[in-house]
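Peer 1:
There are 2 protein chains.
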Amino acid sequence: MRRGKPNDPDRRARILQATLEVIAADGVAGASYRGIATHAGVPLGSMTYYFPTLEGLIVDAFDSTRSHLGPRYDTPLRNARSPEDIVDALVDATIGATSPTLDDIRLYAEIRHYGIRHPDVAAVLQAVEDDALAMTHGHVSNSTALTINALLWGWWSHRLAHPDTPLDEAMVRRSFEALVAIHATDHPVHTKEQIHV
Amino acid sequence: MRRGKPNDPDRRARILQATLEVIAADGVAGASYRGIATHAGVPLGSMTYYFPTLEGLIVDAFDSTRSHLGPRYDTPLRNARSPEDIVDALVDATIGATSPTLDDIRLYAEIRHYGIRHPDVAAVLQAVEDDALAMTHGHVSNSTALTINALLWGWWSHRLAHPDTPLDEAMVRRSFEALVAIHATDHPVHTKEQIHV
DNA sequence: TATGAATACGTACCACTGTACGCACTTGGT
DNA sequence: ACCAAGTGCGTACAGTGGTACGTATTCATA
């Protein structure tokens with residue numbers, strides 16, 4: 789029974805895109821209906837029409853990144869055939885051609901930060917992480933994949949905190965080599981308890 | 789020529805403490821003069837008297853953590869005598885007795901996040917990081933220390949995103965062992981270029 | 001004790017924000 | 001051509017926030 793169709797079918801998508809751009813630039817804190825409306829070139833009324841609540845808009849915008857950003861880093865890892873390939877792909881995802889721009893990292897940081905206090909967004913992040921873990925399946929153990937994940941975020945985070953000093957590639961490479969080598973080493977488990985003051 | 793003394797000399801410090809607590813609980817976004825005033829049990833007028841701008845209050849509060857939180861993680865690392873000691877100290881700082889509580893990590897995450905857009909706070913973080921790097925001086929190379937730093941933040945960040953699933957100690961230990969071993973290995977530098985699709 | 005500067009506080013703006021809501025327009029079926 | 005449903009938009013409102021500012025209080029000095 790649906791009559792009437794949208795006169796500007798792209799408007800919704802444009803609002804989502806503008807939302808991501810504003811958040812990458814000014815953070816979630818700087819994302820207001822009015823600011824995003826201006827940035828997207830739509831009137832305020834359009835905002836509340838497509839997205840009745842601001843929270844919903846933000847969550848939807850974050851969710852929309854999953855289909856965009858995900859595949860970009862996935863493919864090289866998925867195509868990896870050897871541990872060396874994996875290290876190459878990881879180094880590249882950290883600082884190379886497939887690595888995110890500073891704006892992308894800023895956005896990703898906003899998502900992670902927002903996810904700390906918003907279960908909806910945390911679920912989105914969980915899905916992304918699950919994908920990332922599945923990617924290296926068969927090449928490294930699950931816990932090594934988790935470790936790699938942690939370090940990758942650590943490096944990205946470092947880039948964000950030091951935008952002007954590029955990361956040394958050799959250093960990054962050695963770090964991933966060391967982690968990827970863990971599962972191959974079949975490392976003896978240290979059972980000794982930690983001792984400290 | 790200073791006459792008049794504060795009737796409540798601790799007030800300023802109490803406001804700073806309350807600020808940190810509110811931020812750890814609700815984030816910087818949830819930190820308002822009025823909210824902090826209520827939490828600290830002081831009237832609104834006291835807030836603006838000691839801290840004319842909210843931004844200044846937040847920066848001062850963050851800065852005040854340097855003397856509190858810093859030493860806690862420093863000591864075990866400083867006392868480390870061998871690579872094994874370092875690994876022990878790092879594992880402990882990640883998930884053990886000297887590791888930060890979730891609230892502490894939340895606060896630290898807020899500081900890092902705020903630092904992305906506020907140079908004042910970025911400088912505070914830089915100072916903390918410099919301390920951390922100096923701590924392992926003599927035991928591992930500078931770039932290894934940087935790598936360890938990145939992973940430590942990665943692990944803390946992971947704890948924040950997965951508050952209910954404790955990190956596996958053996959996994960964490962292996963990860964730091966692998967990184968600490970880098971400098972000992974005197975690893976050959978790979979000069980081959982990365983190749984990818 | 002008298003004084004004035006520093007301290008402390010209550011209140012009042014003013015800007016901004018999310019959201020509600022009513023009106024106008026577009027569209028496709030009758 | 002007419003109509004109803006979906007689309008698009010301007011405005012208003014209530015709440016909250018940072019900040020300014022005038023007044024009261026305290027206390028070392030004279």
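Protein chains in written order, with our numbering: chain V, 789 to 985; chain P, 789 to 985.
Here a beta-carbon is modelled for each residue, glycine too, at the ideal position from N, C-alpha and C.
With MET959(V) and SER931(P) assumed to form a contact (beta carbons below 8 Å), what rounded beta-carbon distance in angstroms separates them?
Peer 2: Walking along the first sequence from the start, residue 959(V) turns up at place 171. Walking along the second sequence from the start, residue 931(P) turns up at place 143. Contact flag correct, Cβ pair sits at about 4 Å.
Peer 1: To be precise: take each residue of the stretch 814-841 of chain P, compare its Cβ to all Cβ atoms of chain V, and keep it if any distance is under 7 Å. Which residues remain?
Peer 2: Correct list: GLY815 and ALA817.
Peer 1: If we define contact as Cβ-Cβ less than 9 Å, is GLY844(P) a contact residue for chain V?
Peer 2: Taking the second sequence and counting its residues from 1, one reaches residue 844(P) at position 56. Chain V, which has no Cβ nearer than 9 Å to the Cβ of GLY844(P), makes this no.
Peer 1: Would you report the Cα separation of TRP943(P) and ASP891(P), rounded to the nearest angstrom?
Peer 2: In the second sequence, the residue the question calls residue 943(P) occupies position 155. In the second sequence, the residue the question calls residue 891(P) occupies position 103. Their backbone Cα atoms lie some 15 Å apart in a straight line.
Peer 1: How many Å lie between TRP941(P) and GLY833(V) at the Cα?
Peer 2: Within the second sequence, residue 941(P) is the residue found at index 153, counting from 1. Within the first sequence, residue 833(V) is the residue found at index 45, counting from 1. Cα-Cα distance, rounded: 42 Å.
Peer 1: Under a CB-based cut-off of 9 Å, is SER931(V) close to chain P?
Peer 2: Working through the first sequence from its first residue, we reach residue 931(V) at position 143. Yes, its Cβ sits closer than 9 Å to a Cβ of chain P.
Peer 1: Taking the alpha-carbon of VAL830(P) as reference, which of GLY815(P), ASP851(P), ALA801(P) and TYR896(P) has the nearest alpha-carbon?
Peer 2: Indexing the second sequence from 1 puts residue 830(P) at position 42. Checking every option, the nearest Cα to that of VAL830(P) belongs to ALA801(P).
Peer 1: If you measure from the beta carbon of ARG869(V) to each beta carbon in chain P, is any gap under 9 Å?
Peer 2: Here residue 869(V) refers to the residue found at position 81 when the first sequence is read from its first residue. So, not an interface residue.
Peer 1: For the stretch 798-836 of chain P, list the alpha helix (DSSP H) runs that are entirely contained and at least 4 residues long, ordered along the chain.
Peer 2: Listed in chain order, the complete alpha helix (DSSP H) runs (minimum 4 residues) inside the stretch 798-836 of chain P are 799-814 and 821-828.
Peer 1: Can you look up HIS927(V) in the DSSP assignment and give me helix, strand or coil?
Peer 2: Position 139 of the first sequence, counting from 1, holds the residue named residue 927(V). HIS927(V) falls in the coil class under three-state DSSP.
Peer 1: At a Cβ threshold of 9 Å, is THR889(P) touching chain V?
Peer 2: Taking the second sequence and counting its residues from 1, one reaches residue 889(P) at position 101. Not one chain V Cβ lies under 9 Å of THR889(P).
Peer 1: According to DSSP, is HIS856(V) part of a helix, a strand, or is it coil?
Peer 2: As a working mapping, residue 856(V) is identified with position 68 in the first sequence. In this structure, HIS856(V) counts as helix in the three-state DSSP scheme.
Peer 1: Does the CB of MET959(V) have a neighbour CB from chain P at under 9 Å?
Peer 2: In the first sequence, counting from the first residue as 1, residue 959(V) sits at position 171. Yes, MET959(V) counts as interfacial toward chain P.
Peer 1: For a contact defined as C-beta to C-beta under 8 Å, what are the partners of ILE970(V) on chain P?
Peer 2: Reading the first sequence from its first residue, position 182 is the one you call residue 970(V). Correct list: ARG962, SER963 and ALA966.
Peer 1: Would you kindly work out how many angstroms separate the C-alpha atoms of ASP848(V) and PHE839(P), rounded to a whole number?
Peer 2: Numbered from its first residue, the first sequence carries residue 848(V) at position 60. Numbered from its first residue, the second sequence carries residue 839(P) at position 51. For ASP848(V) and PHE839(P), the distance between alpha carbons rounds to 37 Å.
Peer 1: Taking Cβ-Cβ distances shorter than 8 Å, what residues in chain P pair up with GLY926(V)?
Peer 2: Position 138 of the first sequence, counted from the start, is the residue given in the question as residue 926(V). Those do not exist, as GLY926(V) stays about 18 Å from chain P at its closest Cβ, beyond 8 Å.
Peer 1: Report yes or no: do three or more beta-carbon pairs, one from the stretch 921-939 of chain P and one from the stretch 872-882 of chain V, lie closer than 8 Å?
Peer 2: Verdict: no, contact absent.
Peer 1: Assuming contact is defined by CB atoms lying nearer than 9 Å, are LEU948(V) and ARG894(V) in contact in what I supplied?
Peer 2: For the purposes of this step, residue 948(V) is taken as the residue at position 160 of the first sequence. For the purposes of this step, residue 894(V) is taken as the residue at position 106 of the first sequence. The answer is yes: Cβ separation under 9 Å.
Peer 1: So, are the CB atoms of ARG854(P) and VAL912(P) less than 9 Å apart?
Peer 2: Taking the second sequence and counting its residues from 1, the one referred to as residue 854(P) is at position 66. Taking the second sequence and counting its residues from 1, the one referred to as residue 912(P) is at position 124. Taking 9 Å as the Cβ cut-off, ARG854(P) and VAL912(P) qualify as a contacting pair.
Peer 1: Taking the straight line between their C-alpha atoms, what separation do you get for LYS980(P) and GLU957(V)?
Peer 2: As a working mapping, residue 980(P) is identified with position 192 in the second sequence. As a working mapping, residue 957(V) is identified with position 169 in the first sequence. With a pLDDT of only 39 at LYS980(P), under 50, the local geometry of the prediction cannot be trusted, and the value read off the model is given with reservation. If you take the alpha carbons of LYS980(P) and GLU957(V), they lie about 11 Å apart.
Peer 1: I want to see whether chain V comes within less than 9 Å of ILE904(P), judged by CB atoms only; does it?
Peer 2: What you label residue 904(P) is simply residue 116 of the second sequence in a count that begins at 1. Yes, contact with chain V.
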